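1 is the number of the first residue of the sequence shown in full-length UniProt numbering; add one for each residue after it.
Yeah, the Cβ is synthetic: ideal placement off N, Cα and C, and Gly gets one too.
Values in this document were obtained by computation on a predicted structure and should not be read as measured data.
Everything on this sheet refers to the single structure shown next.
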Amino acid sequence: MNMNDTTFPTATPMTHNNDVKFHRPELDGWRATAIIFVMIGHFTPIPKVDLGKAGVQLFFVLSGLLMANLLFVKREPIGVFLKRRISRVWPALFAFLFIICLTYPVPAVHIAATFVFVQNYATIYFGHMRQIDHLWSLSVEEWTYLFLGAIAICARARNYPAFPVLVVATIVLMINELVQGSRGQDYYSIYWRTDVAGVAILSGAVAFMALREAKSLPSWLPIVAGACGMILSFRHFPDVIKYSAGTICFAISIGSLHAAPVWMCRILSITPLSWCANISYSLYLWQQPYFKAIGHYPKSLLLAGAITSALASYYLIEQPARRFLNERWAQRSRFLRSGAQ
1 MNMNDTTFPT
11 ATPMTHNNDV
21 KFHRPELDGW
31 RATAIIFVMI
41 GHFTPIPKVD
51 LGKAGVQLFF
61 VLSGLLMANL
71 LFVKREPIGV
81 FLKRRISRVW
91 PALFAFLFII
101 CLTYPVPAVH
111 IAATFVFVQN
121 YATIYFGHMR
131 QIDHLWSLSV
141 EEWTYLFLGA
151 IAICARARNY
161 PAFPVLVVAT
171 IVLMINELVQ
181 GSRGQDYYSI
191 YWRTDVAGVA
201 ILSGAVAFMA
211 LREAKSLPSW
221 LPIVAGACGM
231 ILSFRHFPDV
241 IKYSAGTICF
251 AISIGSLHAA
261 PVWMCRILSI
271 TPLSWCANIS
281 YSLYLWQQPY
291 FKAIGHYPKS
301 LLLAGAITSA
311 LASYYLIEQP
321 ARRFLNERWA
331 QRSRFLRSGA
341 Q
């Protein structure tokens with residue numbers, strides 16, 4: 001799952017100096033909670049609740065919030081936005097895919113689909129490739145980010161607010177989800193589609209844009225909304241409810257998180273959760289092959305292997321490659337600006 005920075009420009013109710021940035025550590029706690037849910041759902045599942053699916057929804061609404069902040073509040077240049085997505089996602093992803101291809105016979109269609117971020121559709125139409133099935137969520141994220149980027153380009157070019165477009169797009173995707181869910185298809189053919197799963201990302205963006213400047217939100221709102229989202233994640237609720245009402249609850253929860261009680265923000269900001277958030281992308285990538293080996297090896301050994309692989313990916317590939325690419329692009333940008341003067 002593509003995880004993104006939780007550094008915000010200060011164009012929020014707390015301050016209005018756009019040249020200064022601040023960090024919202026409670027969002028790291030949210031991100032850590034998401035990956036912990038995925039790990040529990042895969043390695044020690046709880047019978048009555050879909051923690052793995054809930055974790056992915058937490059990731060999606062967080063992504064929507066962060067992308068909306070970059071594109072519609074900070075108004076990050078589209079070129080910079082795309083380059084930062086590349087430096088964040090591609091190195092660790094393609095290193096993972098390379099190693100998996102050395103270890104398992106991965107069909108060419110799945111390799112090609114991963115490179116263009118349509119692995120979700122490759123799974124739907126060509127069957128599962130167990131060790132890389134989880135890359136469906138990256139496919140949803142990357143194409144939804146491009147859609148958000150297109151909205152930002154049009155809004156800036158025509159100087160109109162993006163929020164109404166986001167609301168309409170979210171409603172359209174939600175209706176599409178309800179229609180698809182009523183057709184009786186299997187789970188993957190419905191909820192792994194970008195035009196269905198992307199509604200969670202758009203919902204996170206809409207909730208953030210709608211609530212970020214609210215003058216007086218009740219402190220209980222993020223708690224109650226999050227609790228409702230978790231309740232709707234229980235297995236006896238149909239998927240169409242999980243991914244509509246449940247998703248909206250999670251989106252409201254994260255969109256109002258800045259109004260949460262101090263004790264809640266402190267819990268979400270503790271150091272272990274921040275550390276877990278840092279490695280969450282690499283951990284999400286690498287937990288899958290170990291998860292799919294359950295039944296062949298002890299779970300404790302597989303969990304240790306997943307964490308060790310994630311740490312190696314984060315410290316040896318993800319972070320160094322990201323720094324290198326961002327620094328090179330920054331140098332090139334400075335060179336071009338100096339040449340134009």
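Determine, using beta carbons only, whether residue i comes closer than 8 Å to chain D.
i	result
residue 172	No chain D is present in this structure, which holds just one protein chain.
How many angstroms separate the CA atom of residue i from the CA atom of residue j?
i	j	result
residue 282	residue 247	24 Å
residue 58	residue 34	5 Å
residue 323	residue 276	20 Å
residue 301	residue 37	19 Å
residue 221	residue 237	22 Å
residue 85	residue 109	24 Å
residue 416	residue 114	Since the first and last residues shown for the chain are 1 and 341, residue 416 lies out of range.
residue 30	residue 201	15 Å
residue 183	residue 333	50 Å
residue 199	residue 270	30 Å
residue 239	residue 128	20 Å
residue 15	residue 215	Because residue 15 sits at a pLDDT of 34, beneath the cut-off of 50, its placement in the model cannot be relied upon, and the point is left open.
residue 39	residue 287	8 Å
residue 91	residue 61	24 Å
residue 126	residue 266	46 Å
residue 308	residue 56	22 Å
residue 70	residue 297	43 Å
residue 10	residue 203	Confidence in residue 10 is poor, its pLDDT being 35 and thus under 50, which makes the residue's placement too unreliable to answer from.
residue 261	residue 32	19 Å
residue 235	residue 190	17 Å
residue 87	residue 278	15 Å
residue 140	residue 118	8 Å
residue 274	residue 317	19 Å
residue 65	residue 290	30 Å
residue 63	residue 138	11 Å
For residue i, count the other beta carbons within 10 Å of its own beta carbon; 16 or more makes it buried, fewer makes it exposed. Which is it?
i	result
residue 136	buried
residue 209	buried
residue 331	exposed
residue 249	buried
residue 19	Bear in mind that the predicted position of residue 19 carries a pLDDT of just 36, short of 50, making it too unreliable to give a figure here.
residue 327	exposed
residue 310	buried
residue 172	exposed
residue 161	exposed
residue 185	exposed
residue 13	Confidence in residue 13 is poor, its pLDDT being 35 and thus under 50, which makes the residue's placement unreliable; the coordinate value appears in the next sentence. Under this definition residue 13 is an exposed residue.
residue 17	Here the model assigns residue 17 a pLDDT of 37, short of 50, so the residue's position is not dependable, and the following value carries that caveat. Residue 17 is exposed by the Cβ-count criterion.
residue 194	buried
residue 153	exposed
Taking the CB atoms as reference points, tell me whether residue i and residue j lie closer together than 8 Å.
i	j	result
residue 242	residue 257	no
residue 244	residue 174	yes
residue 167	residue 196	no
residue 264	residue 294	no
residue 46	residue 149	no
residue 313	residue 95	yes
residue 188	residue 124	yes
residue 292	residue 130	yes
residue 83	residue 329	yes
residue 93	residue 325	no
Alpha helix (DSSP H) containing residue i: first to last residue?
i	result
residue 128	From DSSP, residue 128 is part of no alpha helix (DSSP H); its letter is neither H nor E.
residue 28	25 to 43
residue 195	194 to 211
residue 104	Counting along the chain, residue 104 falls outside any alpha helix (DSSP H), and DSSP gives it neither H nor E.
residue 156	136 to 158
residue 190	187 to 191
residue 274	271 to 278
residue 183	Note, residue 183: premise wrong, no alpha helix (DSSP H); not H, not E.
residue 316	Unbroken run through residue 316: none, as it is neither H nor E.
residue 255	247 to 255
Run through the DSSP bridge pairs and tell me what residue i is partnered with.
i	result
residue 165	None, per the DSSP bridge assignment.
residue 72	DSSP lists no partner for residue 72.
residue 234	49
residue 294	297
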